[in-house]
Structures are given as C-alpha cells and as structure tokens.
Amino acid sequence: EQFIQLEAIGQDGYIGQGERVTKDSVITNVKPLLVYDSIVVNPSKTLTIEEGVVFYMKKDASLRVHGTLKAKGTIEAPIIFRTSRFDNIEGNIPYNNAPGQWDGVYFYSDSYNNLLENVQVRSATKGLTFFSSGVQLKKADLINSVVHNTSEYGIKTSGNRIDAYNCIFTNSKGYLLALYGGEYTFLHCTI
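Just so you know, we're using this note's numbering here: the sequence shown kicks off at 218 and counts up by one.
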C-alpha cells in the first residue's frame with residue numbers, strides 16, 4: 218500500500234482563449250479571468266478593466282493592445298496580472314514570486330492614450346512593452362502601478378511619450394527600464 222496526499226485548488230472564473238476585443242468592452246470584477254494564450258484589443262477599440270479584476274495568465278499568455286487600454290484599479294482593489302499557478306516552486310517559494318511565468322503586456326504602434334492606474338504586473342517574462350508610436354500623442358499614463366519579478370525586462374519602450382507617477386519597478390533578471398528615445402516622466406517612482 219502507498220498513500221499519496223493530493224491537494225487541489227479550484228476557483229470559479231472566466232476562461233479566455235484567443236479572445237479578441239472587436240468593440241469597446243468592459244471587464245468587471247465578477248470573476249477572475251484565466252487566460253490561456255492571449256487577449257487582443259483591436260485597433261481603435263477600447264478595453265476598460267474595472268477595479269479588482271484579476272488575470273491568471275498561463276504560460277506564454279499575453280495581453281496585446283492595438284487600440285486603447287483603460288485599466289483603473291484602486292489602492293484597495295488593484296487590477297492584477299499574475300501567473301495562474303498557486304503552488305510552490307520549491308519549499309515555500311510560490312510561483313507568483315518567480316519571474317517568467319507568463320509572457321507580458323504589449324502596446325503596439327497603433328495604441329495611444331492608455332491608462333494603467335493601480336495595476337500590478339507580476340512574474341512576467343516581459344512586463345510592459347511599448348512599440349514606437351512617436352511623441353505627438355501620449356502612449357500611456359502609469360499611476361500607482363507595480364511591475365515586479367520579470368525575467369527579461371520590466372518596461373521596454375522606444376520613441377514614445379509615457380508618464381509614470383508613484384510607481385514601483387523592481388526585481389528584473391534583465392533590465393527594469395529600457396528607454397530608447399522619446400519623452401518620459403518618472404515622478405515619485407521606485408526603480
């Protein structure tokens with residue numbers, strides 16, 4: 218005879234697999250989202266994420282924004298992007314504290330006027346990637362947001378206008394910030 222103790226964790230949530238935002242849409246804090254591959258926001262469409270929404274990202278999952286992202290959490294109920302794994306890598310070290318557990322969030326050249334307020338991006342490979350758009354229009358505002366535990370970089374941007382206020386960018390195996398030309402403001406940020 219042999220006894221094996223198994224532990225299973227379950228949570229009711231929505232499953233996203235190859236989701237595409239084709240009209241202005243809102244994600245509310247009813248249930249968390251389990252994302253298997255990617256969520257794509259089409260050009261000229263806006264995805265609004267309300268406070269307290271949690272995204273559990275599977276390996277290589279990503280959020281790809283061609284339109285606009287309006288993610289407005291609160292201090293009490295931030296918007297969280299994290300790994301879908303709840304177990305430990307080793308001992309008492311959870312996967313949520315390990316970098317490289319999911320891909321990242323991408324803002325493409327046709328994406329402007331994005332807002333990430335009280336948003337946490339944790340344990341990604343590439344935290345936030347902003348592809349070149351020029352400085353005529355603002356690419357993004359980051360307010361009270363956290364990018365933590367990335368394996369390649371925290372933020373990578375080229376030729377954009379981005380303002381960050383009261384944010385925390387920490388713990389990257391690669392670089393925390395890679396700024397290649399553009400206009401950037403980092404006020405009261407911890408880097």
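All C-beta atoms in this analysis are idealised placements derived from N, C-alpha and C, irrespective of residue type, glycine included.
DSSP beta-bridge partners of residue i
{"i": "Asn-366", "result": "DSSP lists no partner for Asn-366."}
{"i": "Gly-321", "result": "Ser-279, Lys-343"}
{"i": "Gln-337", "result": "Ile-297, Val-363"}
{"i": "Trp-407", "result": "According to the sequence provided, residue 407 is Thr. The question's Trp does not apply to it. The partner list for Thr-407 (beta bridge, DSSP) reads Ile-385."}
Nearest candidate by alpha-carbon position, reference residue i, set the options
{"i": "Ile-408", "options": "Ile-385, Phe-348, Tyr-392, Phe-324", "result": "Ile-385"}
{"i": "Thr-285", "options": "Leu-223, Gly-269, Pro-260, Lys-275", "result": "Pro-260"}
{"i": "Glu-268", "options": "Lys-289, Tyr-253, Lys-276", "result": "Lys-289"}
{"i": "Leu-404", "options": "Val-252, Asn-335, Lys-373, Asn-361", "result": "Asn-361"}
{"i": "Leu-280", "options": "Phe-298, Ala-294, Asp-229, Glu-293", "result": "Phe-298"}
{"i": "Gly-233", "options": "Leu-354, Ser-255, Asp-327", "result": "Ser-255"}
Buried or exposed by the 16-neighbour rule on C-beta atoms within 10 Å, applied to residue i
{"i": "Thr-231", "result": "One detail in the question is off: residue 231 reads as Tyr in this sequence, not Thr. So Tyr-231 ends up on the exposed side."}
{"i": "Thr-342", "result": "buried"}
{"i": "Thr-387", "result": "exposed"}
{"i": "Glu-334", "result": "buried"}
{"i": "Val-363", "result": "buried"}
Whole-angstrom C-beta distance between residue j and residue i, which should lie under 8 Å
{"i": "Asp-380", "j": "Thr-402", "result": "4 Å"}
{"i": "Gly-412", "j": "Leu-393", "result": "Examination of residue 412 is not possible in this model, given that the chain is present from 218 through 408 alone."}
{"i": "Val-282", "j": "Tyr-325", "result": "7 Å"}
{"i": "Leu-359", "j": "Thr-374", "result": "About 11 Å separates the two Cβ atoms, so there is no contact after all."}
Contact check, residue i vs residue j, beta carbons under 8 Å
{"i": "Thr-300", "j": "Gln-318", "result": "yes"}
{"i": "Asp-320", "j": "Ala-357", "result": "no"}
{"i": "Thr-367", "j": "Gly-344", "result": "yes"}
{"i": "Val-238", "j": "Val-258", "result": "yes"}
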